[in-house]
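Q: Starting off with a structure, shown below.
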Amino acid sequence: DSGVTQTPKHLITATGQRVTLRCSPRSGDLSVYWYQQSLDQGLQFLIQYYNGEERAKGNILERFSAQQFPDLHSELNLSSLELGDSALYFCASSPTTGTNKNYGYTFGSGTRLTVV
Amino acid sequence: TQLLEQSPQFLSIQEGENLTVYCNSSSVFSSLQWYRQEPGEGPVLLVTVVTGGEVKKLKRLTFQFGDARKDSSLHITAAQTGDTGLYLCAGAKPGGGNKLTFGTGTQLKVEL
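Protein chains in written order, with this note's numbering: chain F, 204 to 319; chain A, 30 to 141.
Written out as structure tokens, the structure reads:
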């Protein structure tokens, strides 16, 4: 158990639907990161939150959004789903933004999203 | 655009052999990390290197950060079946906070 909890582990849904992925960071970590992993694209950075605020944005589609709540858990919302959105979605956490120091990530086990 | 290219992409070897995985970029990184990922799990951090030319050893694994902080290598001595997995390098760009860009990955299979 890495300390980062992601739910659900598996999700199967139809095109056009909307889903919410949930992540609880490791205790004490303030930063949460979302990544998408597919066979042809590898691990792609989506978005980062630090203590409730958005800190960095990557290749996140407009159909996707995220937020971090006061208790530091985070949710990734995916809407108008397309077949190409099928992938593994990982959440990771770290102690801080690491402006002066780079901290390693602790990853959750991921959510496997299948859009049919 | 993939900033971090890993080679080889796939590697299948016998137990006891040595191997080296490379992680290359044209960009400078303030630090570089290596992760190992097993099927159905998230990547697990192996090491962080921050100084150009730095070498770190973790049992049979040796990690090196290039002098110019643009590349890194992972060397495994006497590979074991338990080393099987996807190896990922990840770099943090100067001034980029703690956001990591991950490499393309090297899938290693060690057989008896």
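Note that beta-carbon positions come from the ideal geometry of N, C-alpha and C, so glycine has one too.
Take Q109(A) as the anchor and find which of K88(A), P37(A), T77(A), S36(A) has the nearest alpha-carbon.
A: Locating residue 109(A) in the second sequence gives position 80, counting from the first residue. Per the Cα distances, K88(A).
Q: Pairing CB atoms from the segment 272-291 of chain F with CB atoms from the segment 209-224 of chain F, are three or more of them under 8 Å?
A: Flag = yes, the segment 272-291 of chain F and the segment 209-224 of chain F touch.
Q: Against L281(F), what residues of chain A qualify as contacts under a CB-to-CB distance less than 8 Å, listed in chain order?
A: Mapped onto the first sequence, residue 281(F) falls at position 78. The contacting residues do not exist; L281(F) stays about 19 Å from chain A at best.
Q: Taking all protein chains shown into account, do 16 or more other C-beta atoms lie within 10 angstroms of the C-beta of R266(F), making it buried, or fewer, making it exposed?
A: In the first sequence, residue 266(F) corresponds to position 63, counting from 1. With fewer than 16 Cβ atoms within 10 Å of its Cβ, R266(F) is classed as exposed.
Q: Return helix, strand or coil for G245(F), following the three-state DSSP convention.
A: Numbered from 1 along the first sequence, position 42 holds the residue referred to as residue 245(F). G245(F): strand per DSSP, three-state reduction.
Q: Going along the segment 255-278 of chain F in order, which residues come within less than 9 Å of chain A, judged by CB to CB distance?
A: Taking 9 Å as the Cβ-Cβ cut-off against chain A, the residues of the segment 255-278 of chain F that qualify are R258, A259, G261.
Q: Return no unless some Cβ of chain A is closer than 7 Å to the Cβ of Y292(F).
A: For the purposes of this step, residue 292(F) is taken as the residue at position 89 of the first sequence. By this cut-off, Y292(F) is not an interface position.
Q: Helix, strand or coil, according to DSSP, for T110(A) in the structure here?
A: Residue 110(A) sits at position 81 when you count from the first residue of the second sequence. Three-state result, T110(A): helix.
Q: What residues in the segment 226-244 of chain F bring their beta carbon closer than 7 Å to a beta carbon of chain A?
A: Cβ contacts with chain A come from S234.
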